[in-house]
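Residue numbering for the sequence shown follows the working numbering, beginning at 1347 and increasing consecutively.
Ideal Cβ placement from N, Cα and C applies to all residues, glycine included.
For reference, the structure is listed below as structure tokens.
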Amino acid sequence: MRKSTLVGLDGWETDYGLIARKVAGKEELRKEGYPTWDLGDFKNLRSQT
1347 MRKSTLVGLD GWETDYGLIA RKVAGKEELR KEGYPTWDLG DFKNLRSQT
């Protein structure tokens, strides 16, 4: 949230998620409502195009 303030997004509706090289427990985080992706997700998207 601090970064959103620094870049001038105060007052905007914001959503936060997690993107990393590898995420342990990714499915559990998703079940809890956190948008979560790792590089494998992006590789899968690329192979579908």
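Spatially closest choice to residue i from the options, by CA coordinates
| i | options | result |
| --- | --- | --- |
| Gly1360 | Pro1381, Ser1393, Val1369 and Ala1366 | Checking the sequence, you will find Thr at residue 1360 rather than Gly. The shortest Cα separation from Thr1360 among Pro1381, Ser1393, Val1369 and Ala1366 belongs to Pro1381. |
Presumed contact (8 Å Cβ cut-off) between residue i and residue j, rounded CB distance
| i | j | result |
| --- | --- | --- |
| Leu1385 | Arg1367 | 5 Å |
| Trp1364 | Leu1352 | Inspection of the sequence shows that residue 1364 is occupied by Leu rather than by Trp. 19 Å between Cβ atoms; not a contact. |
Buried versus exposed, by CB contacts within 10 Å (16 or more), residue i
| i | result |
| --- | --- |
| Val1369 | buried |
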